[in-house]
Amino acid sequence: MGTEGETRRIEFDDNGLSRSLYGERNGHLKIVERATGVQIGARGNSLTLRGAEPDVALAEAVLVQLYGLVRRGLSLFARDVDQAIKILSDDRSSDLEKIFLDTVLVAPGRRPISPRGQAQKAYVEAIREHDIVFGIGPAGTGKTYLAMAMAVAELQRKAYRRIVLTRPAVEAGEKLGFLPGDLVEKVNPYLRPLYDALHDMMEVDRAVQMVERGAIEVAPLAFMRGRTLNDSFVILDEAQNSTAEQMKMFLTRLGHRSQAVITGDITQIDLPSGRESGLIQARRVLSGIEGVCFCSFTDRDVVRHPLVHEIVKAYERADAEALTGETG
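Residue numbers (the numbering used here): 938 to 1265.
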């Protein structure tokens, strides 16, 4: 990326909206500068972009589309700018409005939950259109969070009678029998992430009330055996740690008017050596079955705070300098 060769000017028609686009102390513009290598000069509602032509074109596309989002009422944050750059870097024809403004759930006192990338958008649409959806990819891609947001939204509009959230209760080689405490104390640490996400989407008192009423159930995967789940939105999290037998058991629990979302990361399997992951087997066995959809996420789809990128770069520089010192 360079800083010579092309100069463009962008004029916005609203000073107030322009300030929202620029961010506090032009923080959003600085994110675009760091990511593209383009120099951005701001004067009122006018921006001047200088740099290599492809970089200037990318910066312009990002800023123009983000301005459109601000005009539509989106409260812009640094992570939105970072995601916009990532999306348009991958595909310049992407329409940020169709992605960012696809509201899944409006949580009380929080900004609306919506996709933050093409993969998340495709995932949300797949959940809307299929009875069984697998979301496979690394942590931080929003697989479980978006699935839970969809589940809460469907429960609120009474499309389903209850939400069932489950995950394998044995991870990283630990067996429940060797953990201290009674059964509830043993399984709660494994289920805590599901409770945390749930509390992020509704007021804690309301969430507790719905759990007590049975409208929301959070339980280990082993508790699904022998049941038939009717009129339910069911989410299996950390599915890479289910055995092939457990996955088959789970999928055959679905009853009338039910939907299932299964999420997992096949690079983080904690099953004992020699046991095939139920998630890997399901992808092999069920691909091509009508009504079942597999959505894949990659490292490019990880949604992080923009500072994380700077932190990673700083550690990489430090490691390189340490290595140079050792070999020098």
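Glycine included, C-beta positions come from ideal geometry on N, C-alpha and C.
query                                                                                                                                                                : result
Along the chain, where does the beta strand (DSSP E) that runs through Q976 open and close?                                                                          : 976-980
If you drop the 5 nearest sequence neighbours on each side, which residues of the same chain put their C-beta closer than 6 Å to that of A1156?                      : T1103
Could you check if L1244 is buried or exposed, using at least 16 other CB atoms within 10 Å of its CB as the buried criterion?                                       : exposed
Report buried or exposed for H965, applying the criterion of at least 16 other Cβ atoms within 10 angstroms of its Cβ.                                               : buried
Return the chain-ordered list of same chain residues with a C-beta closer than 7 Å to the C-beta of I955, the five sequence neighbours on each side being excluded.  : One point to set straight first is that residue 955 is Ser, not Ile, in the sequence displayed. Hits under 7 Å: F949, N982.
Buried or exposed for D1168, please, with buried defined as at least 16 other CB atoms from any protein chain shown within 10 angstroms of its CB.                   : exposed
For D1236, is the classification buried or exposed, using 16 other Cβ atoms within 10 angstroms of its Cβ as the cut-off for buried?                                 : exposed
What do you get for I1036, buried or exposed, if any count of 16 or more other CB atoms within 10 angstroms of its CB means buried?                                  : buried
Only counting the same chain, and skipping five residues up and downstream in sequence, which positions put a Cβ closer than 6 Å to that of A1056?                   : F1234, D1238
Kindly provide the ranges of any beta strand (DSSP E) runs that are 3 or more residues long and lie completely inside the region 1167-1191, ordered along the chain. : 1169-1173
Cα separation between G1114 and A1106?                                                                                                                               : Residue placement at G1114 is flagged as unreliable, the pLDDT there being 46, under the threshold of 50; the coordinate-derived value follows with that caveat. Taking the straight line from one Cα to the other gives about 11 Å.
Leaving out five residues on either side along the sequence, give the residues of the same chain with a beta carbon under 7 Å from the beta carbon of G1077.         : V1239, V1240, R1241
By how many angstroms is the C-alpha of R1008 removed from the C-alpha of S997?                                                                                      : Here the sequence assigns Glu to residue 997, which means Ser is not the residue at that position. Distance between the alpha carbons of E997 and R1008 is about 16 Å.
Under the three-state reduction of DSSP, which class applies to Q1205: helix, strand or coil?                                                                        : coil
If you check the beta carbons only, do L1158 and F1187 fall under 8 Å apart?                                                                                         : yes
Pair every Cβ in the region 1176-1185 with every Cβ in the region 1083-1100, then say whether three or more of these pairs are closer than 8 Å.                      : no
To the nearest angstrom, report how far apart S1195 and L1166 are at their CA atoms.                                                                                 : 7 Å
Using a Cβ-Cβ cutoff of less than 6 Å, which residues in the same chain neighbour T1081 once the five nearest sequence positions on both sides are dropped?          : D1174, T1200
Can you tell me whether L1042 is helix, strand or coil according to DSSP?                                                                                            : strand
Distance check for D1202 and G1211, CA to CA, integer angstroms please.                                                                                              : 18 Å
Please report how far the alpha carbon of E1213 lies from the alpha carbon of V975, in whole angstroms.                                                              : 49 Å
Are the C-beta atoms of T1235 and some chain C residue less than 8 Å apart?                                                                                          : Given the protein chain composition of this structure (a single chain), no chain C is represented.
Hey, how far is the Cα of G1228 from the Cα of I1172?                                                                                                                : 16 Å
With a Cβ-Cβ cutoff of 8 Å, do L1006 and S1026 count as a contact?                                                                                                   : no
Please report how far the alpha carbon of R1164 lies from the alpha carbon of F1071, in whole angstroms.                                                             : 21 Å
Would you mind working out which of L1216, L1191, V1148, H1193 sits nearest S1179, comparing C-alpha positions?                                                      : L1216
My output table needs one value for R987: the three-state DSSP class, helix, strand or coil.                                                                         : strand
Would T1032 and S1051 be called neighbours here (beta carbons separated by less than 8 Å)?                                                                           : Reading off the sequence, residue 1032 comes out as Asp, not Thr. Not a contact, by the Cβ cut-off of 8 Å.
Report yes if the CB atom of I1064 is closer than 8 Å to the CB atom of V1198, and no otherwise.                                                                     : yes
Pull up the distance between the alpha-carbon of R1048 and that of D1133, whole angstroms please.                                                                    : 17 Å
Under the DSSP definition of a beta bridge, which residues are partnered with E1227?                                                                                 : In DSSP, E1227 forms no bridge with anything.
What would DSSP say about A1197, mapped onto helix, strand or coil?                                                                                                  : strand
Per DSSP, what kind of secondary structure is G1163 in: helix, strand or coil?                                                                                       : coil
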